[in-house]
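So that you can map any letter, position 31 of the sequence shown is 31 in the UniProt record's numbering, and since no number is skipped, the others follow by simple counting.
Report on one structure; see the data block that follows.
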Amino acid sequence: MQDFLKIYNKLFTYYGPQGWWPAETTFEMMIGAILVQNTSWRNVEKALINLKPFLKPYVIEKISVEELAELIRPSGFFNIKAKRIKSYMDWFKTYEYDIQQVKKIDRVKLRGELLSIKGIGPETADVIQLYAFDIPIFIVDAYARRIFYRLGYDMPDTYDDFRRQVEVELPRDLVLFNEYHALLVEHSKVHCKKTPICGGCPLLEVCERRL
Ligand code: SF4
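This is the structure in structure tokens:
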């Protein structure tokens with residue numbers, strides 16, 4: 001009964017295009033992907049306001065980890081995240097902070113390199129791959145797990161098995177993967193919340209409501 005394309009189409013018809021990621025530049029997107037670990041987007045926005053005047057690779061490179069931590073304080077876990085951003089910058093610098101250079105890397109190699117950066121796990125790596133480097137990949141997050149579980153799907157526990165199970169049914173379409181993640185986040189906020197609002201849900205007729 002798994003039909004991930006059908007679910008996508010229903011969500012897209014209901015919510016419309018989400019146009020993610022919410023950032024003015026690709027560099028801001030990458031930093032936002034690290035800042036959003038274990039916190040809400042509202043807190044990330046506050047940190048990004050502080051960071052705005054510094055949001056260029058060569059500027060972030062120059063400021064100390066302590067200064068950076070202070071700037072991103074509203075995002076929580078700021079000392080750890082400042083170190084993670086610095087580690088990310090060390091990696092990005094090996095490509096001269098050039099997004100086009102990174103896009104030329106083989107995708108398996110790129111994912112391996114991202115995962116080898118301290119503090120970058122599969123979810124953050126894939127968010128960066130999808131929204132910064134235009135690689136069509138399915139993001140497995142708590143929202144996707146919650147929605148697919150409630151719909152009645154038996155999904156694997158491990159990140160990559162879950163991801164592959166969804167991807168195998170979908171066309172390799174960048175816009176589709178870009179929108180799918182954003183739509184699942186939106187659906188988790190509007191209908192499939194912690195306590196779901198099933199009335200009027202666009203997935204109601206295909207949902208087993210395993211609550
Ligand atoms: S019907 Fe309810 S549980 Fe199922 S997807 Fe919609 S909001 Fe979630």
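Backbone N, C-alpha and C fix where the C-beta goes; we use that ideal spot for every residue, glycine too.
Keep in mind that this is a model prediction, so the values were computed, not measured.
Beta-carbon proximity list for residue i, same chain, < 6 Å, skipping 5 on both sides
| i | result |
| --- | --- |
| Y159 | P122, V140 |
| L71 | N50, L51 |
| L68 | A82 |
| Y14 | P202 |
| K103 | F133 |
Extent of the continuous alpha helix (DSSP H) to which residue i belongs
| i | result |
| --- | --- |
| V166 | 159–167 |
| K109 | 107–115 |
| M29 | 26–35 |
| K189 | 174–190 |
| F12 | 4–15 |
| Y97 | Run containing Y97: none; DSSP gives neither H nor E here. |
| P74 | It is not in any alpha helix (DSSP H) - P74 carries neither H nor E in the DSSP assignment. |
| E61 | 57–62 |
Helix, strand or coil at residue i according to DSSP, with G and I counted as helix
| i | result |
| --- | --- |
| F92 | helix |
| L48 | helix |
| T39 | coil |
| Y149 | helix |
| Q18 | coil |
| L130 | helix |
| T124 | helix |
| E67 | helix |
| I85 | helix |
| P53 | helix |
| L203 | coil |
| V102 | helix |
| A144 | helix |
Nearest-angstrom beta carbon gap, residue j and residue i [assumed within contact, 8 Å]
| i | j | result |
| --- | --- | --- |
| I99 | F133 | 7 Å |
| Q37 | K81 | 7 Å |
| I34 | R84 | 5 Å |
| M89 | P57 | 7 Å |
| I137 | D126 | 5 Å |
| E169 | L5 | 6 Å |
| C207 | R146 | Their Cβ separation, rounded to whole angstroms, is 12 Å, which puts C207 and R146 out of contact at 8 Å. |
| L176 | Y8 | 7 Å |
Environment of residue i [buried if 16+ CB atoms lie within 10 Å]
| i | result |
| --- | --- |
| E179 | buried |
| G199 | exposed |
| L203 | buried |
| S75 | buried |
| I197 | exposed |
| V59 | exposed |
| R42 | exposed |
| K10 | buried |
| T124 | buried |
| R163 | buried |
| R209 | exposed |
Same chain only: Cβ atoms within 7 Å of residue i, ignoring 5 sequence neighbours per side
| i | result |
| --- | --- |
| A144 | L184 |
| V65 | A82, K83, K86 |
| Q165 | M155, P156 |
| V44 | G32, L35, V36, S75 |
| T26 | I99, A132 |
| K189 | none |
Any chain D beta carbon closer than 7 Å to residue i
| i | result |
| --- | --- |
| Y153 | Looking for chain D here will not work: only one protein chain is present. |
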